[in-house]
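Per the numbering used here, the sequence shown starts with residue 4, numbered consecutively.
Everything on this sheet refers to the single structure shown next.
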Amino acid sequence: MITITRQFALRIRNLLRRIGLQGRSTYNSVPVLFLASNEGFHVRAVNNLTALEYHQPGPLPPAQFALPVEALAACEGKRETPVTIESAPEGKISVSWEDRGLPQVRLYDDCRDQVLDGWPKRPERFSTNDFRLVEALQQTAGIVDRSPNYRAALDTVQLQGTGKVVATDSRQALVIRGEFKFPWNDDVLVLPTDVFGFADFPRDVPVEIGATETHVCVNVRPWTLYLSRVNDRKYPKVEEACPPRASVKTRVQIPAEDREFLSQSLRHLPGREVPDSAVTVDCNGHLAIRAQVAGESPVTELVLSRSQVSGDPVQFNTNRRFLEQAIQFGFSELQIVDANAPCLCEDERRSYFWMGLGAEDAIRPSKKCVRIDSAAASASQDPLNRKISRQPSQSPTPTERSPTMRRASSANGQSDHATNASDPAHDGQQFPATAGASRPEATATSNGHAAGNGSASGATTESAESNGTVQDPAALDPITAAEALQGDLRTALASTSRLLQALRRNRKQARLVENTIASLRQLQGV
4 MITITRQFAL
14 RIRNLLRRIG
24 LQGRSTYNSV
34 PVLFLASNEG
44 FHVRAVNNLT
54 ALEYHQPGPL
64 PPAQFALPVE
74 ALAACEGKRE
84 TPVTIESAPE
94 GKISVSWEDR
104 GLPQVRLYDD
114 CRDQVLDGWP
124 KRPERFSTND
134 FRLVEALQQT
144 AGIVDRSPNY
154 RAALDTVQLQ
164 GTGKVVATDS
174 RQALVIRGEF
184 KFPWNDDVLV
194 LPTDVFGFAD
204 FPRDVPVEIG
214 ATETHVCVNV
224 RPWTLYLSRV
234 NDRKYPKVEE
244 ACPPRASVKT
254 RVQIPAEDRE
264 FLSQSLRHLP
274 GREVPDSAVT
284 VDCNGHLAIR
294 AQVAGESPVT
304 ELVLSRSQVS
314 GDPVQFNTNR
324 RFLEQAIQFG
334 FSELQIVDAN
344 APCLCEDERR
354 SYFWMGLGAE
364 DAIRPSKKCV
374 RIDSAAASAS
384 QDPLNRKISR
394 QPSQSPTPTE
404 RSPTMRRASS
414 ANGQSDHATN
424 ASDPAHDGQQ
434 FPATAGASRP
444 EATATSNGHA
454 AGNGSASGAT
464 TESAESNGTV
474 QDPAALDPIT
484 AAEALQGDLR
494 TALASTSRLL
504 QALRRNRKQA
514 RLVENTIASL
524 RQLQGV
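Take a look at the structure:
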C-alpha cells in the first residue's frame, strides 16, 4: 500500500503536462510508476524523449504500482486529503480517497507492462548552480522555434561550456550570461519544456546539472528531470548577430509605470491577428507606439509620456510579440541602431534582441489618430473613463536615412551581411530574418511627433472635450470595455463582501454588549 495526497497528485499531473509526458488524449500519455523501497519513495514517468522522477528518502515497506494518468486526474485536489493506492482482486489497483466527506473508490488496470524498460542513465558528473539556472532555462524555453528544423537546431537551447544559455528561433534571440557551471567544455543542445515554470520548485536548494550522450539531467530536489539531448544538428552563432554596443544611436528609457501600461495595452491594439502583428515604434523626442488595420480601423497611438528618448530620431515597424517579450523580461532600456538593424535590450546578465520589420510600412502620424497617454491612462484606473482624443499629430520635417540591414550568421558560423531580407529565414541557415515579405534596402525616414506633442494628458484632452470629439473606448475596442466592466463588477463584489463582513462584526459586537449588560444586571440582583 502507498499513500499520497490529493494535492501531490495535482502537482504530479501538472509537471507531467509541462514536461510533455501527458498529452491531450490517453494515447499520448504515459503511465506513472509509484515505488516504495528501502531507498525511499519514488514516482517515475518516462517516454522516449524525457523523464521525470520524484524521490523522498527514507526506508518504506516495498510496494510498486503503475497507474494511468487518468487515475491522478480523478483523485487530484487542492487539499492534503490522503489517497490510498493498494492491490485489489483480479490484478486491479484500487485508488481511494474522500471528497467532501464522501468516500471515493476507483479501480484501474496495472500498467507496469506499459512502462518503458529503458530508464535514462544517470550522469556520472554534476555541476552545482543556484536557482538562476532554472530561471534561465524557463526564459529560453519561450524563445525557441517549436517547429523542428532538420538543418539547424532552432528548437533547442544551447548550454555553452563557457557558462552561457542561448536560445533563438531565427527572428529573436536571448543570451544569458549567468556564469553557470556545466560539467562539459563544449556546447550541449537540449530540447526545452515548460516544466521550469513550475511554481513548486524549491528556490533555496542547489540546482545540479549533468549530461549523458542522450539526456541532460537537471536535479532540483526532490525533483529530477531528464531532457532529450540533440547531437546531430548544428546551431547558429547567435551572438554574432547581436548589434555592437558602440553602434547604438538611439536609447529609450522605459520606467516601470510605462512598462506596465505597455504590457496591458499592446494586446488590445488593432492588428494583433494579422501576420507579424506589426506595430510602429516612433522615437522622436518621445516614445510612441502606433497600430492600425488598414481600411478597418483608425490609427491608435500609445504615447509613453514617462519614457525618455535620447539620440537620433528613428521610426520602424516591429512584431509586437517581441516587444511584449522584452517587457515581460523586465528590460527597462530599448537600444536601436537604425530602422533595419536588430533591436536590443540588455542588462548585466542578459541580452535580448530581435529583427524589426523595417521602416517601409511604418505608420505615420495621423491627424485623426486615437491617442492614449500613459500618464493619463494610469491616473484613471477605469479604462472606460479614460480621455481618448483625436488630435492632429504635428511632426518635424523628416530626415532621410538609409541604414543597411544587418543579417546574422548561418548555421555553419559564416557571417552573412545583406541588404535584402528576401532570403529564406526559416531554413535554419540565417539568423535573424525579417518575417513576412521581402524587404529590400530602402530609405528609412525618422518622421514622428515633435517632442512637445507627447503631452496628451493635458491640453490635448481638454481640446478634445471642447470640440466634443472624446471617443468612448468601448467604440474602439469592445473587448477592452467588457474587461473593464468585469473589473468593475469584481470590485463591487469585493466591496459588498467587505461591507457584509463589517456588518456581521458589528452585529456580533452588539450581541456581546447585550450579553455583558445582562450579566451585570444579574450581578446587581445578587
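Yeah, the Cβ is synthetic: ideal placement off N, Cα and C, and Gly gets one too.
K81 counts as exposed, since fewer than 16 other C-beta atoms from the protein chains shown sit within 10 angstroms of its C-beta.
Secondary structure at S97: strand, using DSSP grouped into helix, strand and coil. The segment 129-142 and the segment 89-109 do not touch, with fewer than 3 CB-CB distances between them shorter than 8 angstroms.
I179 sits in a strand when the DSSP states are folded into three classes. A Cβ-Cβ contact shorter than 9 angstroms links Q142 with F332.
Distance from the CA of P65 to the CA of G121, rounded to the nearest whole angstrom, comes to 22 angstroms. Between V168 and A144 the beta-carbon gap is near 10 angstroms, outside 8 angstroms, which marks them as no contact. When Cβ pairs closer than 8 angstroms are counted between the two stretches, the segment 313-324 is seen to touch the segment 285-296, the count reaching three or more.
In this structure, N222 sits away from G181, with a CB-CB distance that is not shorter than 9 angstroms.
With three or more CB-CB distances shorter than 8 angstroms, the segment 5-22 counts as touching the segment 65-80. Pairing V46 with L52 gives a Cβ-Cβ distance that is not under 9 angstroms.
Taking T215 as reference, the option from W187, Y238, G200 and P195 with the minimal CA-CA separation is W187.
Per DSSP, Q331 is one residue of the alpha helix (DSSP H) stretching across R323 to Q331. Around the CB of T499, fewer than 16 other CB atoms lie within 10 Å, so the residue is classed as exposed. Secondary structure remark: continuous alpha helix (DSSP H) runs of at least 4 residues inside the segment 112-177, in chain order: 135-144. For a cut-off of 8 angstroms, the C-beta gap from A244 to A176 is around 7 angstroms, short enough to register as a contact. Beta-bridge partners of D285 (DSSP): A291 and Q318. The beta carbon of L19 sits closer than 7 angstroms to the beta carbons of Q25, A48, L55 and V72 from its chain, once the five residues preceding and following it are set aside; these are given in chain order.
Within 10 angstroms of the beta-carbon of D261 lie 16 or more other beta-carbons, which makes it buried. When DSSP states are grouped into helix, strand and coil, E351 belongs to the coil group.
Judged by their CB atoms, E299 and V373 are not nearer to each other than the 9 angstroms cut-off. In the three-state reduction of the DSSP assignment, Q489 falls in the helix class, which pools H, G and I. Contact between R232 and H218 holds: CB atoms are separated by about 6 angstroms, below the 8 angstroms threshold.
If you look at Q10, you'll find it in the alpha helix (DSSP H) that goes R9 to I22. Here Q117 has P34 as same chain residues with Cβ atoms under 6 angstroms from its own Cβ, once five neighbours each way along the sequence are excluded. Going by DSSP, C372 is part of the beta strand (DSSP E) stretching over C372 to D376. Here I146 really is in contact with T171; their C-beta atoms are around 6 angstroms apart, less than 8 angstroms.
Less than 9 angstroms divides the Cβ of G274 from the Cβ of S280. Partner residues in a beta bridge of Y238, as assigned by DSSP, do not exist. Boundaries of the beta strand (DSSP E) harbouring Q256: T253 to Q256, taken from the DSSP string.
In the structure shown, N188 falls within a coil segment according to DSSP collapsed to helix, strand and coil. Residue state for C220 is assigned as strand, using DSSP reduced to three classes.
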